[in-house]
Amino acid sequence: MTPKGNHEDTKPRRKPLDVSFVFSWFRGCILACATVAAASAQSVTYSKDIAPLIAGRCAMCHHPGGSGPFSLLSYDDVKRRAALIAAVTERRYMPPWKADPSNGPFIDQHPLSDDEIGLIRQWVAEGGAEGRPAPPAPARTWTEGWQLGKPDVVVTLPQPYVLPPDGTDAFRIFVLPIPTAAVRFVRALEFRPGNPKVVHHANIRLDTTPASRHLDEAQPGPGYDGLIAHSAQYPEGHFLGWTPGQVAPLVPKDLAWRLDVHTDLVVELHMRPSGKPEPVAPSIGLYFSDAAPTRTPAMLRLGRQSIDIPPGQKDYTITDSYVVPVDVDVQAVQPHAHYRARDVRGEATLPDGTVRPLIAIKDWDFRWQHVYRFVTPLHLLKGTRLSMRYTYDNSAENPRNPDQPPKRARWGQRSSDEMGDLWIQVLTRDAAALDTLVHDFRPKVLAEDIIGYEVEIEKRPSDAGLRDDAALLCLELGRADAAVTHFAASLGLKPGSAAAHYNLATALTVGHRLDEAAEEYRRALSIDAAYAKAHNNLGNVLMQQRKFGDAIRQYQELVRLQPSAPNGFANLAAAYAADGQFERAVEAIDAALRLQPPENVASELRRQRAAYVQRTR
Amino acid sequence: MTVSPALLSLLLSATLGAGADQVRVQTVDGESVDALAAPAGTKAIVFLFTSTDCPISNRYAPEVRRIVSEFARQGVVFRLVYPNPAEQPSAIREHMAAFAYDGAFQALRDPGLALVRHVKATVTPEAAVVAGGRVAYVGRIDDRYVDLGLERPAPTTHDLADALTAVLAGKPVSRPTTQAVGCFIADFAR
Chain Z
1 MTPKGNHEDT
11 KPRRKPLDVS
21 FVFSWFRGCI
31 LACATVAAAS
41 AQSVTYSKDI
51 APLIAGRCAM
61 CHHPGGSGPF
71 SLLSYDDVKR
81 RAALIAAVTE
91 RRYMPPWKAD
101 PSNGPFIDQH
111 PLSDDEIGLI
121 RQWVAEGGAE
131 GRPAPPAPAR
141 TWTEGWQLGK
151 PDVVVTLPQP
161 YVLPPDGTDA
171 FRIFVLPIPT
181 AAVRFVRALE
191 FRPGNPKVVH
201 HANIRLDTTP
211 ASRHLDEAQP
221 GPGYDGLIAH
231 SAQYPEGHFL
241 GWTPGQVAPL
251 VPKDLAWRLD
261 VHTDLVVELH
271 MRPSGKPEPV
281 APSIGLYFSD
291 AAPTRTPAML
301 RLGRQSIDIP
311 PGQKDYTITD
321 SYVVPVDVDV
331 QAVQPHAHYR
341 ARDVRGEATL
351 PDGTVRPLIA
361 IKDWDFRWQH
371 VYRFVTPLHL
381 LKGTRLSMRY
391 TYDNSAENPR
401 NPDQPPKRAR
411 WGQRSSDEMG
421 DLWIQVLTRD
431 AAALDTLVHD
441 FRPKVLAEDI
451 IGYEVEIEKR
461 PSDAGLRDDA
471 ALLCLELGRA
481 DAAVTHFAAS
491 LGLKPGSAAA
501 HYNLATALTV
511 GHRLDEAAEE
521 YRRALSIDAA
531 YAKAHNNLGN
541 VLMQQRKFGD
551 AIRQYQELVR
561 LQPSAPNGFA
571 NLAAAYAADG
581 QFERAVEAID
591 AALRLQPPEN
601 VASELRRQRA
611 AYVQRTR
Chain D
618 MTVSPALLSL
628 LLSATLGAGA
638 DQVRVQTVDG
648 ESVDALAAPA
658 GTKAIVFLFT
668 STDCPISNRY
678 APEVRRIVSE
688 FARQGVVFRL
698 VYPNPAEQPS
708 AIREHMAAFA
718 YDGAFQALRD
728 PGLALVRHVK
738 ATVTPEAAVV
748 AGGRVAYVGR
758 IDDRYVDLGL
768 ERPAPTTHDL
778 ADALTAVLAG
788 KPVSRPTTQA
798 VGCFIADFAR
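Top line first, the protein sequences correspond to chains Z and D. Numbering-wise (our numbering), the first sequence opens with residue 1 and increments by one. Numbering-wise (our numbering), the second sequence opens with residue 618 and increments by one.
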């Protein structure tokens, strides 16, 4: 650390600690507390007033082994923290419930009312009397061990990660293979932090690819530092994650989510170093359903990836909205933003103009990222506008600003970047409505994701993988020209790659730039003559160009390379037929049929065969 | 390492500066000593008020050790003060070992809050710098914590180090008191 000269203190945005009161009270108390407590019959007492509040709102975390840094189970525990409890409840820092108390009601909602906070303040001011009768032994308001009962499978980090003692917020991603031999359907995933004193929240995803595992293996020790791979996702329509005091409940059996074999759990831990090295070994319990789900929720995401906040700006705002094309029941919402966000809100404007708040957080704190689950799902009619509005403070006056002095802040997954998402989990009336919703919504979220990729590409212009991912999203949205641009850039980064030429050719084909596409496929094949998919696709392009003889040669090469794949023979048959060579077409179809394609393909081939046979006569 | 009681009483034998009052505190072994006594040549004493289970106090351990390593060789004596009478010597020894304070600090107990009152400390963690028989600085270590539940990703001022730098240079401390954020010492007296 470097000692500095004179400093101007930054004005705290909240009321400073009233320590003079606490301290003078404390000095007086040494002499007078006993008498105060004895004298006032009307006064607030621990037994009568405070113990029930602590038991219902605090003890679920503040017990031995819990997430709280100390226990609050007895009069002695509480009176030794009395002024602290008064101070943290007054600030609404504890219990940690950031949402406006009028929102919801949500599951696991434990805010204190203003009156209850006043009661605590009064109790401390009056000296913190215990009162009579002494309260019964505090009722246990928490469950030891697994909150949802014995899991069907438990996955634990095999070797603990040792969190270094220093720093403010630490992030590390752990990749845990799930040992399942068959497809499972999951009703709940319970996260146990292992070391609840330092694990502050967990962001959980599933990766069916080896991408996350490779990132983990590339760094020594358990886990890796970096970003969650793009292939690690929420299960379709479900939230996964953990914050202290929250347990995601079992979903009804008909809503379970599918877990494929060879899936890895990707667990990003947000940890708070404690001042000494801390071993961290989280466990995850999975609870299975015996049947496949019959319903799937949809996950909507509002937000902007174009966030670009000038340094010093105090009130940068992003807004987004989406009109639901079907009736939905909102199950849960989860706002997400980083350190500079200050005011976070989402609402629903019904077709008749009525506004229903979804979530409002006036003092956003990155450290408390709950999933807010409605006790009663919020029914919204078709035509309801879901909207969000987040405000950011990128000035030096925002103590949480990670850049001092402030810098330009753009979208990005690192905690030093900014994000602004509102995830909204909804259920539709039936599968048809879900289909309508997903098809309507997907282009919106893809377009936003592409913006995010473009920001990342600007930061890491030599990352070909980003270009490829962005191009694929562009293709899905039908933006062939943008896909060509990204694939061309990717090719520029890895010029000797047959796959890069192939990708570019694919995008050119979608853009109906067939001559260029054929040229790129030929370049791919000049690098790798055994590139079967390139022969196939080049054949398809040549067919579109009505160059049937050239197409036949590509498909011939394809079936030579892949003699056991029926599709190659089927394409070859089509090319022969287009070229008027019906006998050869029939031979190729017979070759395809001998390879026993799936029945729907086989029946189509037989139909074509009959047509070709007719033409040979 | 732990400082032996004999060595500690030797270290505490001379009172720092002329005219300073005695402030009686205890060693972890229960011996009554004068908190302000220090060996000849001591330029300043830093009292760091802490408690074993205050998370804000504990998170400062690495930063505090950095400050010790920077200033101990410049004639500054560091003393870790446990004002909570409920914290027993065994818990204090465990705490010192767990947070690697052993060797960097002499540990004192202040169950009667004599030293707390003398320097007007209010929370843990809080630092007091005594030099020339006067309290030259009392307050936060740095400005990482703005309030309970409001924390900077990194501090922007280093108040304790700045105060020590000024004291060692014979200059006045520019901000002799700052507001520390943490667990209230007042609670310990309940």
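Ideal Cβ placement from N, Cα and C applies to all residues, glycine included. On a predicted model such as this, the values are computed, not experimentally measured, just so you know.
Item: With DSSP as the reference, identify every bridge partner of Gln233/Z, one or two as the case may be.; Value: Leu206/Z
Item: Of all the CB atoms in chain D, is at least one closer than 8 Å to the CB of Ala87/Z?; Value: yes
Item: Can you say whether Asn401/Z is buried or exposed, counting buried as having 16 or more other CB atoms within 10 angstroms of its CB?; Value: buried
Item: Just to confirm the assignment: which complete alpha helix (DSSP H) runs, minimum length 4, are found wholly within the stretch 111-197 of chain Z?; Value: 114-125
Item: Less than 8 Å between the C-beta atoms of Pro335/Z and Leu269/Z, yes or no?; Value: no
Item: In or out: Trp257/Z buried (at least 16 other Cβ within 10 Å) or exposed?; Value: buried
Item: Shortest alpha-carbon distance to Trp368/Z belongs to which of Thr384/Z, Thr243/Z, Thr485/Z?; Value: Thr243/Z
Item: Check whether the Cβ atoms of Leu730/D and Pro700/D lie closer than 8 Å to each other.; Value: yes
Item: Which class does Cys58/Z belong to by DSSP, given the choice of helix, strand or coil?; Value: coil
Item: Is the Cβ-Cβ distance between Lys276/Z and Ala678/D less than 8 Å?; Value: yes
Item: How many angstroms separate the CA atom of Thr376/Z from the CA atom of Ala592/Z?; Value: 56 Å
Item: So the candidates are Ile309/Z, Met419/Z, Ile424/Z, Asp260/Z; which of them puts its Cα closest to the Cα of Asp329/Z?; Value: Ile424/Z
Item: Given that Gly766/D touches chain Z, what residues does it touch there, using C-beta distances under 8 Å?; Value: Val88, Arg91, Tyr93, Met94, Asp365
Item: Under 8 Å, Cβ to Cβ, is there at least one residue of chain D near Phe171/Z?; Value: no
Item: Cβ of Asp670/D within 8 Å of Cβ of Leu84/Z?; Value: no
Item: If I measure Cβ to Cβ from Thr10/Z and keep anything under 6 Å in the same chain, skipping five residues before and after, which residues do I get?; Value: For Thr10/Z, the predicted structure reports a pLDDT of 39, less than 50, and the residue's modelled location is therefore unreliable. The matter cannot be settled from this model.
Item: Since Thr168/Z meets chain D, which of its residues come closer than 9 Å, beta carbon to beta carbon?; Value: Arg676, Arg761, Glu768, Arg769, Pro770, Ala771
Item: If you run the structure through DSSP and keep just helix, strand and coil, what is Gly496/Z?; Value: coil
Item: From Glu144/Z to Arg192/Z, what does the alpha carbon distance come to, in whole angstroms?; Value: 11 Å
Item: Would you give the residue range spanned by the beta strand (DSSP E) that Cys704/D belongs to?; Value: For the sequence presented, residue 704/D should be read as Glu rather than Cys. Looking at the DSSP string, Glu704/D is not in any beta strand (DSSP E), and its letter there is neither H nor E.
Item: At 3 residues or longer, what runs of the beta strand (DSSP E) sit wholly inside the stretch 270-302 of chain Z?; Value: 278-280, 283-289
Item: According to DSSP, simplified to helix, strand and coil, what is Glu456/Z?; Value: helix
Item: Which chain D residues are close to Tyr339/Z, counting only those with a beta carbon under 9 Å from its beta carbon?; Value: Pro770
Item: DSSP has His336/Z in a bridge; who is on the other side?; Value: Asp421/Z
Item: Which same chain residues end up closer than 6 Å to Gly237/Z when comparing Cβ atoms and leaving out the 5 residues on each side of it in sequence?; Value: Thr296, Pro297, Ala298, Met299
Item: Is the CB-CB distance between Gly118/Z and Thr45/Z below 8 Å?; Value: no
Item: Assign Glu418/Z to buried or exposed, taking buried as 16 or more other Cβ atoms, counted over all protein chains shown, within 10 Å of its Cβ.; Value: buried
Item: Taking the alpha carbon of Leu189/Z as the reference point, which residue from Thr209/Z, Leu157/Z, Gln219/Z, Gln147/Z has its own alpha carbon closest?; Value: Gln147/Z
Item: Could you tell me the distance, in whole angstroms, from the CA atom of Leu785/D to the CA atom of Ala655/D?; Value: 16 Å
Item: Determine the extent of the beta strand (DSSP E) in which Thr319/Z is found, giving its start and end residues.; Value: 316-323
Item: Sorted by chain position, which residues of the same chain lie with C-beta nearer than 7 Å to Gln122/Z's C-beta, five sequence neighbours on each side aside?; Value: Val44
Item: Taking Cβ-Cβ distances shorter than 9 Å, what residues in chain Z pair up with Pro679/D?; Value: Pro164, Pro165, Asp166, Gly167, Pro273, Gly275, Lys276
Item: May I ask you to list, following chain order, the residues of the stretch 690-716 of chain D that have a beta carbon less than 9 Å from some beta carbon of chain Z?; Value: Asn701, Ala703, Ala715, Phe716
Item: Quick one: what's got a C-beta closer than 8 Å to Arg429/Z's C-beta in the same chain, skipping five residues either side?; Value: Val326, Asp327
Item: Determine the DSSP secondary structure at Gln614/Z, reduced to helix, strand or coil.; Value: helix
Item: For chain D, is any of its Cβ atoms less than 8 Å away from the one on Arg205/Z?; Value: no
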